[in-house]
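Residue numbers are given in our numbering: position 108 of the sequence shown equals residue 96, and the series is strictly consecutive. Ideal Cβ positions, reconstructed from N, Cα and C, are used throughout, including at glycine. Structure, as structure tokens:
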Amino acid sequence: MPVKRIFLIVLDSFGIGNAPDAEAFGDKGADTLRSVSGSDFFNIPNLTALGLPLIEGADCAVFENSEKISSELCKKGLKGSAVCRLVEKSKGKDTTIGHWEIAGIVSEKPLPVYPEGFSDDVIEEFSRRTGRKVLCNKPYSGTEVIKDYGEEHVKTGALIVYTSADSVFQIAAHEDVVPVEKLYEYCEIAREMLVGENSVGRVIARPFEGEHPYKRTSRRHDYSLEPPEKTVLDMISEQGKSVISVGKIKDIFAGKGITEAVPTSGNADGMEKALQYAKKDFEGLCFINLVDFDSSYGHRNDIDGYAKAISEFDRWLPELFDAIGDEDVVMITADHGCDPGFPGTDHTRECVPFIMFGGEINCSGKRPYVLDLGTKQGFDNIAATVAELLDVKYDCDGNSLTESVLLKKARDAADNAYAPYSGFNVGAAALGADGKIYTGCNVENASYGATVCAERVAVSKAVSDGRRAIKAIAVVGGKNGDFGSECAPCGICRQFLAEFCEEPEELKVLLTSSDGNDEIKRYSLSELLPKGFGKKNLN
Ligand code: THU
């Protein structure tokens, strides 16, 4: 069965440390998971069962009862999970850049920040186009800025422009001085201006009212930067499938590629809304951002609060398990770190976890229930995986992690090889058109000619299960435990594969020359067996 729905959950700022370039960001040693796991309130049995502590570099305790929970999950129909550590490629550690990379866009530069305020050019042009002078123009707290500049604004009509540690251009104005609609117009002018070098992440309208010390009103409005290129969200919606935003996702993508959106008031509300969608019928992606981890706990250095929030998420997971069906896949990840135990209150450059389960993703690898895919470069592997699972074409730099799942399963199968004569162990994993994976290893015989290859064992298992076509096969092999070079299928296996595919051009053969499966080589069967003899010749 193909995948019908993907629930992609971003635990905002839930990093797992160890970014190779952390030092360049001033974040050496930052590790959100490690800090949070030190709290007495940290209790994540379900995430443990799904393999979080097994991820490379993840520094947190393994909960004792997780094996039991894993087996209970399997009784509910879950076939295990795949996990890996993702390293961010983009040169930034903010929400927008992290989410854009998850959706397929790698940013060479961070979004610009303005610790000294905006340049004279920007302010002059903004003044000229709005016909109003500008006050402040520096980083400021939103409540302080109206206290300190509000009276002058009311007296002169000049706009209060300020920024923060984030990439924002904020405009505060009293609703009686500048009607909200007019303020929104000014924001649109700023948004139009702030491109290229000055492409700030967000322009924000900050209306306020009353008498000094003034109060901010609820009519805040954000104008996000549009992603510079198409994301996987655009491709999914262009194919007529749903892309549902829960929480601030819609804002992060400036609405691009989103077909439906619900705002949330925080984590609890976000989880509730995600659950409502899990109970509805749709086809496509439900993209969820749980913001409290970052905004309420990470930035406020509240370790216990963060630990309680992640434990609450963990307690909610079984409800999600109950709500999803056989054709659904869940992915859990993060967009950057915000270590509450690290000096300062800013985001921290960290790797993020990736956990995937559901559907026919059968991950019961050697470690029961959890298939550990190691470390992968780029959050954009998620975009590639989403595209592949939803059967949507999307070109990005990332690799589908389902390919890694296939290679990893082939590698694990090689450990079962019966190769006492050659000492050459081979493992294969064939992906059926239904999404099921069939593994095989080579089985040798004292009468050498009776030996069968790993690929033919895997494909024969699929055929004997009623499958007649496979979409892809991963092959891993090596002598005496060395899996460091490619092991391409032999001639007989190529011929065998030709029998059980829709089109030789479309059967993907995945090989790797590294034991860690990081480097993936892709061939079509027609490349490996040009002008092959097949069923067609007999017709
Ligand atoms: N082998 C495979 O399993 N697949 C291939 O495509 C090439 C060879 C096995 C057969 C034998 O057990 C060992 O590798 C050495 O030839």
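Beta bridge counterpart(s) of residue i as assigned by DSSP
i: S230; result: G272
i: R455; result: In DSSP, R455 forms no bridge with anything.
i: F309; result: For F309, which the question treats as bridged, DSSP gives no partner whatsoever.
i: R73; result: P341, T363
i: E248; result: I232
i: Y406; result: V431
i: F157; result: V191
i: N31; result: Paired residues: none, contrary to the question.
i: R(-7); result: G272, D316
i: I177; result: Its beta-bridge partners do not exist; DSSP assigns none.
i: P127; result: T151
i: V497; result: I461, Y511
Burial state of residue i (16 or more Cβ within 10 Å)
i: P216; result: exposed
i: T427; result: buried
i: Q264; result: exposed
i: N433; result: exposed
i: P103; result: exposed
i: A49; result: exposed
i: T336; result: buried
i: E487; result: exposed
i: F521; result: exposed
i: D524; result: Contrary to the premise, residue 524 reads as Lys rather than Asp in this sequence. By the 10 Å Cβ count, K524 comes out exposed.
i: I480; result: exposed
i: N34; result: buried
i: V(-9); result: buried
i: D9; result: exposed
i: K396; result: buried
i: G353; result: Residue confidence for G353 is low, a pLDDT of 49 falling below 50, so the modelled location carries little weight and cannot support an answer.
i: S253; result: exposed
i: D108; result: exposed
i: P251; result: exposed
i: K56; result: exposed
i: E338; result: buried
i: N6; result: buried
i: G454; result: exposed
Coarse secondary structure for residue i, derived from DSSP in three states
i: Y436; result: helix
i: I192; result: strand
i: G353; result: Unreliable positioning characterises G353 in this predicted model, as indicated by a pLDDT of 49, which lies under 50. The coordinate reading is nonetheless provided below. Coil.
i: P492; result: coil
i: F521; result: coil
i: F114; result: helix
i: E441; result: The sequence shown places Cys at residue 441, not Glu. Here C441 sits in coil by DSSP.
i: K509; result: strand
i: I4; result: coil
i: N430; result: coil
i: L377; result: helix
i: R207; result: coil
i: I57; result: helix
i: K296; result: helix
i: N289; result: coil
i: S78; result: coil
i: G469; result: coil
i: E474; result: coil
Cβ-Cβ separation, residue j to residue i (assumed contact under 8 Å), whole Å
i: E44; j: T363; result: 5 Å
i: N255; j: D280; result: 4 Å
i: V463; j: L499; result: 6 Å
i: D360; j: G39; result: 7 Å
Distance CB(residue i)-CB(residue j) smaller than 9 Å
i: S115; j: V122; result: yes
i: D400; j: C384; result: no
i: S206; j: D239; result: no
i: L99; j: V340; result: no
i: D568; j: D334; result: Missing from the structure shown is residue 568; the chain here goes from -11 to 527 and no further.
i: V537; j: I159; result: No answer is possible for residue 537: it lies beyond the span of the chain, which begins at -11 and ends at 527.
i: P201; j: K143; result: no
i: Y409; j: T373; result: no
i: L389; j: F345; result: no
i: I320; j: F30; result: no
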